[in-house]
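Peer 1: Just passing along the structure, written as structure tokens.
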Amino acid sequence: TVFTRMTVENDNPLPCSINTVRVKFATNVPLHLFCHPLIEVKGLSSTTTAGDTMMEVRDCSAGGAVMAMHGAWTEAGTLIVGVNATTAAGTEYCFEWDVRNKEANTYADPYKLDLHGIELGPLSNTSL
832 TVFTRMTVEN
842 DNPLPCSINT
852 VRVKFATNVP
862 LHLFCHPLIE
872 VKGLSSTTTA
882 GDTMMEVRDC
892 SAGGAVMAMH
902 GAWTEAGTLI
912 VGVNATTAAG
922 TEYCFEWDVR
932 NKEANTYADP
942 YKLDLHGIEL
952 GPLSNTSL
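For the sequence shown, our numbering gives the first residue as 832, with consecutive numbering after it.
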């Protein structure tokens with residue numbers, strides 16, 4: 832497994848509210864910039880955020896701007912974001928973005944994180 836740690840959190844489960852989704856992860860190998868690694872977060876379907884657009888992504892990593900500033904967002908609730916620098920194995924990285932919750936308090940399928948389109952396993956955490 833490439834991911835050694837991964838969490839997906841959100842800060843506001845209230846209906847119709849802006850909700851910050853935060854992903855933290857570490858890998859057991861570096862993600863080399865020259866390989867153009869992409870991280871895909873799936874299962875965020877309980878939002879009203881418009882899809883098929885570029886989403887602003889904020890890097891919350893301790894070391895600075897490792898994650899791309901924008902990711903591809905789909906209406907199905909998937910965000911695909913790249914890296915701007917080669918990562919170090921065992922180091923935790925973090926990125927976040929905002930979505931708007933649906934009117935009703937509904938819940939998404941479990942979150943999933945993929946790397947290069949290879950599904951690495953489901954995540955259990957607070958659903959949107």
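Ideal placement from N, C-alpha and C gives every residue a C-beta, glycine not left out.
So which of G902, M885, V930, N915 has the shortest CA-CA distance to P861?
Peer 2: As a position in the sequence shown, residue 861 is number 30, starting the count at 1. Checking every option, the nearest Cα to that of P861 belongs to N915.
Peer 1: Considering only residues of the same chain and omitting the five flanking positions on each side of A893, which have a CB-CB separation below 7 Å?
Peer 2: Sequence index remark: in the sequence shown, residue 893 carries index 62 (1-based). Excluding sequence neighbours, A893 sits near nothing in its chain.
Peer 1: Return the first residue and the last residue of the beta strand (DSSP E) that T878 is part of.
Peer 2: Numbered from its first residue, the sequence shown carries residue 878 at position 47. Where T878 is concerned, there is no enclosing beta strand (DSSP E), given that its DSSP letter is neither H nor E.
Peer 1: So what does DSSP say about C925, is it helix, strand or coil?
Peer 2: As a working note, residue 925 is residue 94 in the sequence shown. In the structure shown, C925 sits in a strand (DSSP, three-state: E or B).
Peer 1: Could you say which of T917, S876, V872, A935 lies nearest to G895 if we only look at CA atoms?
Peer 2: Looking up residue 895 in the sequence shown gives position 64. Among T917, S876, V872, A935, the Cα nearest to that of G895 is on T917.
Peer 1: Taking only the alpha-carbon atoms, compute the straight-line gap between T905 and A899 and give it to the nearest angstrom.
Peer 2: Position 74 of the sequence shown, counted from the first residue, corresponds to residue 905. Position 68 of the sequence shown, counted from the first residue, corresponds to residue 899. When rounded, the distance between both Cα atoms is 17 Å.
Peer 1: If you count every other CB in all the chains shown that lies within 10 Å of the CB of F865, and 16 or more means buried, which is it?
Peer 2: As a first step, residue 865 must be located in the sequence shown, where it is residue number 34. F865 is exposed by the Cβ-count criterion.
Peer 1: In the DSSP assignment, what are the bridge partners of V912?
Peer 2: Translated into positions along the sequence shown, residue 912 becomes position 81. BP columns for V912 point to I870.
Peer 1: Is L910 closer than 9 Å to E934 when the C-beta atoms are compared?
Peer 2: For the purposes of this step, residue 934 is taken as residue 103 along the sequence shown, with counting starting at 1. For the purposes of this step, residue 910 is taken as residue 79 along the sequence shown, with counting starting at 1. No, these two residues do not count as a Cβ contact at 9 Å.
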